[in-house]
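Peer 1:
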Amino acid sequence: MLIISVTSIAATEDPSSTADVSPRIVRLMARRRVIESVDGNVLPMRNAILFRRKGRFWPDIFRPGRYMCILMFWGLMTLLFMMLLAKFALLNTLHDLKLDQSEFITARSVEISIRTNKLITEGDDIIISEFKKIPLLPKLTLPDIWTKPNTDLYYKCVQRSSKDIISGDPTNGYILVHSNGGLNQMKTGISDMVAIAKVMNATLVLPSLDHNSFWTDPSDFKDIFDWKHFVEYLEEDISVVDHLPPAYASIKPHQRAPVSYSKASYYSNQMSSLLKKHKVINFTHTDSRLANNGLPNPIQRLRCRAMYEALKFTDEILELADKLITRLRDDDKPFIALHLRYEKDMLAFTGCSHNLSKAEDEELRQLRRSVRHWKEKHIDGEERRRQGVCPMTPREVAVFLEAIGFPSDTKIYIVAGNIYGQDGVKALQDKYPNIYTHSNLATEDELSPFNNRQNKLAAVDYTVALESDVFVFTYDGNMAKAVQGHRKYEGFRKTIIPDKKNFVKLIDRMDKGLISWEEFSMKVKILHANRTGGAVLRKPGKVVKSEESFYANPYPGCICEK
913 MLIISVTSIA ATEDPSSTAD VSPRIVRLMA RRRVIESVDG NVLPMRNAIL FRRKGRFWPD
973 IFRPGRYMCI LMFWGLMTLL FMMLLAKFAL LNTLHDLKLD QSEFITARSV EISIRTNKLI
1033 TEGDDIIISE FKKIPLLPKL TLPDIWTKPN TDLYYKCVQR SSKDIISGDP TNGYILVHSN
1093 GGLNQMKTGI SDMVAIAKVM NATLVLPSLD HNSFWTDPSD FKDIFDWKHF VEYLEEDISV
1153 VDHLPPAYAS IKPHQRAPVS YSKASYYSNQ MSSLLKKHKV INFTHTDSRL ANNGLPNPIQ
1213 RLRCRAMYEA LKFTDEILEL ADKLITRLRD DDKPFIALHL RYEKDMLAFT GCSHNLSKAE
1273 DEELRQLRRS VRHWKEKHID GEERRRQGVC PMTPREVAVF LEAIGFPSDT KIYIVAGNIY
1333 GQDGVKALQD KYPNIYTHSN LATEDELSPF NNRQNKLAAV DYTVALESDV FVFTYDGNMA
1393 KAVQGHRKYE GFRKTIIPDK KNFVKLIDRM DKGLISWEEF SMKVKILHAN RTGGAVLRKP
1453 GKVVKSEESF YANPYPGCIC EK
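The following block contains the structure:
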């Protein structure tokens, strides 16, 4: 191919001839070229200046200015889009792997061979099954059943500061306290009253205990608690006296039931004004009279000092408890303390009668109707059970412990009174024969001072439960709250907290033959892998009455991180 420029042709013909060409043609000739092929065809080429402009286009874009900003904007938008796609893909993957604790739609491996695993996805109404070739899953590693949570980074922080020590000046008056409920309800109430006396700058008279509750225990404060230790331990916090001084003994106390779950300001303002006016106030109720949260740190720490340090049981109680613990550990093997709250009063109160006879159900209904201060009279017990608010039955406890992994020779100390029902504890004892109580561990002579003293026996059981290797409770009542909170305070000793709502769903499915024992056991283990009484912050709830109790979890307040 021969390429000849028009301008070169003109130059070779005659230099003078360019003078006759108009300037416009010269400019065109300078800016355009033609291509003459061998066959005589002539094709125009693109403008050379255009080539130069396009060559400068990309460098111009990367110069600071409008083009660079546009490029960065679209680049960031693309990156953001890709990140969102990755996020949703990850969430979907996690969702498929996660055990759905509300609906129990789970992916489970039920049939494993060398090359083929069968995956079954279960819902409430359908079962879809298909075979897929998948790699064998590694064996799930779960914590040892006796190992307590790792809490090396936490410590008690209940020390009082110098500004919290009382000055010795006269107080605003005296507080009389009538504790109501069972032992642990009274214990937490008295601890609150200690803090309230501090807020009100009041002198606390040794509390009187409830003698009219279900157990009608005649024991008083000095029969259960080391009252001298109580007074001495709190002497730098509040003033505590055995009785009203003669100058105030003739004054008629002002009767008052404080508002439940009140803040400190309620007592420092309204109640303090009443105390200054009347000089002696009798608080007729003590249960849940302080809020769980939103109180000053010194007040929260004082509640713990009162609950876990000042309210020490008498030597008589501690000595019997120590004997029982020694006998339980005579072979150096660990033991479980089980709060099996399957007792007549609790079943009547909650309306739960699963696995009981019709006659027993009717007996509980009559008891519920006869107790005036129990507000609910008509209760759907089965619905309560499905919601996870019923005490676990002895049979459910046996199945639960076996599913968790406790062997049949495990020693179990039952922290409770008489188990209700004609079969009693038989379903549990059939699986775990090493069942103990204070009745079969202690001698008659050792128990004689505790006859008809249910609160004193409850104090013995409390101490054994506190020192046990593992504590398991079947109903979230006052003792369960008090013991688990005390165990957290003492270094997060292992406490298994049953997820009863989901456990009931699982055991009912297993009883219907919908799932195998192996799958049931694995799901129970997974559900409770992190329900072992470890360090979890207590958080305020939307409804004060249903939020976590301060005494069930004194972190934050009395437990701090190192």
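The number in our numbering is simply the position in the sequence shown, starting from 1, with 912 added.
All residues carry an ideal CB built from backbone N, CA and C; glycine is no exception.
If you're wondering where the values come from, they're calculated on a predicted model, not measured in any experiment.
1) In whole angstroms, what separates the C-alpha of I1273 from that of S1265?
2) Should D1154 be labelled buried (16 or more other beta-carbon atoms within 10 Å of its own) or exposed?
3) For S1103, count the other beta carbons within 10 Å of its own beta carbon; 16 or more makes it buried, fewer makes it exposed. Which is it?
4) Tell me the rounded alpha-carbon separation between E1148 and I1078.
5) Here's the rule I'm using: 16 or more other beta-carbon atoms within 10 Å means buried, otherwise exposed. How should K1393 be labelled?
6) Kindly list the residues whose CB is nearer than 6 Å to the CB of S1456, restricted to its own chain and excluding five residues on each side of it in sequence; keep chain order.
7) Given S1200, which residues of its chain have a CB within under 7 Å of its CB, disregarding the five upstream and five downstream residues?
8) If you check the beta carbons only, do G1446 and P1061 fall under 7 Å apart?
9) Given a cut-off of 7 Å, decide if S1433 and A1315 are closer than it, judged by their beta-carbon atoms.
10) Taking the beta carbon of Q1396 as the centre, do at least 16 other beta carbons fall within 10 Å, making it buried, or is it exposed?
11) For T1198 versus G1101, is the C-beta spacing smaller than 7 Å?
12) If you follow the beta strand (DSSP E) that N1194 is part of, which residue opens it and which one closes it?
13) So what's R1365 in DSSP terms, helix, strand or just coil?
14) Taking 6 Å as the limit between beta carbons, can you name the residues of its chain near V1436, skipping five residues before and five after?
15) Please classify W1467: is it buried, with 16 or more other beta-carbons within 10 angstroms of its beta-carbon, or exposed?
16) Mind checking whether V1070 and R1213 have CB atoms under 7 Å apart?
17) For the region 1211–1226 against the region 1114–1133, do three or more pairs of beta-carbon atoms, one drawn from each stretch, fall closer than 8 Å, so that the two count as touching?
18) Is there contact between the region 1352–1360 and the region 1278–1285, where contact requires at least three CB pairs shorter than 8 Å?
19) What beta strand (DSSP E) runs, 3 residues minimum, are completely inside the region 1304–1351?
20) Below 8 Å CB to CB, which residues in the same chain sit around T1407 once its five sequence neighbours on both sides are set aside?
21) Would you kindly report the start and end of the unbroken beta strand (DSSP E) that includes E1459?
22) Is DSSP giving V1384 helix, strand or coil here?
23) Exposed or buried, what is S1320 when buried is set at 16 or more other beta-carbons lying within 10 Å of its beta-carbon?
24) Between the region 1370–1381 and the region 1327–1344, do at least 3 Cβ pairs fall closer than 8 Å?
25) Pull up the DSSP beta-bridge partners for S1151, would you.
26) How many angstroms separate the CA atom of E1402 from the CA atom of R1168?
27) Output needed for L1065: all residues of its chain with C-beta closer than 7 Å, excluding positions within five of it in sequence on either side, in chain order.
28) What residue range does the beta strand (DSSP E) around F1247 cover?
29) Compute the Euclidean distance between the alpha carbons of G1085 and L1232, then round it to the nearest angstrom.
30) Quick check: what's the CA-CA separation for R1241 versus K1338?
31) By alpha-carbon positions, which one of A1161, L1252, I1237 and H1440 ends up nearest to L1340?
32) Taking the alpha-carbon of P1158 as reference, which of M1183, D1138 and V1192 has the nearest alpha-carbon?
33) Which of helix, strand or coil does DSSP assign to S1265?
34) Could you pull out every residue in the same chain whose Cβ sits closer than 6 Å to the Cβ of D1076, ignoring the five residues on either side in sequence?
35) If you compare alpha carbons, which of F1195, T1083, F1133 and I1237 is closest to L1378?
Peer 2: The relevant details are as follows:
1) Reading the sequence shown from its first residue, position 361 is the one you call residue 1273. Reading the sequence shown from its first residue, position 353 is the one you call residue 1265. Note that residue 1273 is Asp in the sequence shown here, rather than Ile. About 6 Å.
2) Residue 1154 sits at position 242 when you count from the first residue of the sequence shown. It is exposed - the Cβ of D1154 has fewer than 16 other Cβ atoms within 10 Å.
3) Working through the sequence shown from its first residue, we reach residue 1103 at position 191. Answer is buried; the Cβ neighbour count reaches 16.
4) Your numbering for residue 1148 matches position 236 in the sequence shown. Your numbering for residue 1078 matches position 166 in the sequence shown. Approximately 6 Å, taken between the alpha carbons.
5) By 1-based counting over the sequence shown, the position of residue 1393 is 481. Answer is buried; the Cβ neighbour count reaches 16.
6) Position 544 of the sequence shown, counted from the first residue, corresponds to residue 1456. Ser is not the amino acid found at residue 1456; the sequence shown has Val there. For V1456, where only same-chain residues beyond five positions count, the Cβ hits under 6 Å are Y1173.
7) Your numbering for residue 1200 matches position 288 in the sequence shown. So the list reads S1172 and Y1173, once near-sequence residues are dropped.
8) As a working mapping, residue 1446 is identified with position 534 in the sequence shown. As a working mapping, residue 1061 is identified with position 149 in the sequence shown. Contact: yes.
9) Against the sequence shown, residue 1315 aligns to sequence position 403. Against the sequence shown, residue 1433 aligns to sequence position 521. Yes, they are a contact pair.
10) As a first step, residue 1396 is located in the sequence shown; it is residue number 484 there, counting from the start. With 16 or more other Cβ atoms within 10 Å, it is buried.
11) The count along the sequence shown starts at 1 and reaches residue 1198 at position 286. The count along the sequence shown starts at 1 and reaches residue 1101 at position 189. Going by C-beta atoms, T1198 is nearer than 7 Å to G1101.
12) Counting from 1 along the sequence shown, the entry for residue 1194 is found at position 282. First-last of the beta strand (DSSP E) with N1194: V1192 to F1195.
13) The residue you call residue 1365 lines up with position 453 of the sequence shown. The answer is coil: DSSP assigns R1365 none of H, G, I, E or B.
14) Position 524 of the sequence shown, counted from the start, is the residue given in the question as residue 1436. For V1436, where only same-chain residues beyond five positions count, the Cβ hits under 6 Å are A1315.
15) For the purposes of this step, residue 1467 is taken as residue 555 along the sequence shown, with counting starting at 1. Per the sequence shown, the amino acid found at residue 1467 is Tyr instead of Trp. Buried is the call here.
16) Numbered from 1 along the sequence shown, position 158 holds the residue referred to as residue 1070. Numbered from 1 along the sequence shown, position 301 holds the residue referred to as residue 1213. Yes; because the gap between Cβ atoms is below 7 Å, this pair is in contact.
17) no
18) no
19) 1323–1326
20) If you number the sequence shown from 1, residue 1407 lands on position 495. Cβ within range, chain order: V1382, F1383, V1384, F1385, V1395, Q1396, R1399, K1400, T1444 and G1445.
21) By one-based count along the sequence shown, residue 1459 stands at place 547. Here E1459 belongs to no beta strand (DSSP E), and DSSP marks it neither H nor E.
22) By 1-based counting over the sequence shown, the position of residue 1384 is 472. In this structure, V1384 counts as strand in the three-state DSSP scheme.
23) As a working mapping, residue 1320 is identified with position 408 in the sequence shown. Per the 10 Å Cβ criterion, exposed.
24) yes
25) Within the sequence shown, the letter at position 239 stands for residue 1151. S1151 is bridged to T1115.
26) The residue labelled residue 1402 in the question sits at position 490 within the sequence shown. The residue labelled residue 1168 in the question sits at position 256 within the sequence shown. Near 35 Å, if we compare the C-alpha coordinates of R1168 and E1402.
27) Here residue 1065 is taken as the residue at index 153 of the sequence shown, counted from 1. Excluding residues within five positions, the ones whose Cβ falls inside 7 Å are E1473 and K1474.
28) Translated into positions along the sequence shown, residue 1247 becomes position 335. Where F1247 is concerned, the enclosing beta strand (DSSP E) stretches over F1247 to H1251.
29) Looking up residue 1085 in the sequence shown gives position 173. Looking up residue 1232 in the sequence shown gives position 320. Answer to the nearest angstrom: the Cα atoms are 39 Å apart.
30) The count along the sequence shown starts at 1 and reaches residue 1241 at position 329. The count along the sequence shown starts at 1 and reaches residue 1338 at position 426. Rounded to the nearest angstrom, the two C-alpha atoms are 24 Å apart.
31) Along the sequence shown, one-based indexing puts residue 1340 at 428. That would be L1252, whose Cα lies nearest to the Cα of L1340.
32) On the sequence shown, position 246 is the one that residue 1158 refers to. Of the listed residues, the one whose Cα sits closest to P1158 is V1192.
33) Start at 1 with the first residue of the sequence shown, and residue 1265 comes out as number 353. S1265: coil per DSSP, three-state reduction.
34) In the sequence shown, counting from the first residue as 1, residue 1076 sits at position 164. Correct list, in chain order: P1210.
35) Locating residue 1378 in the sequence shown gives position 466, where the first residue counts as 1. Nearest C-alpha to L1378: I1237.
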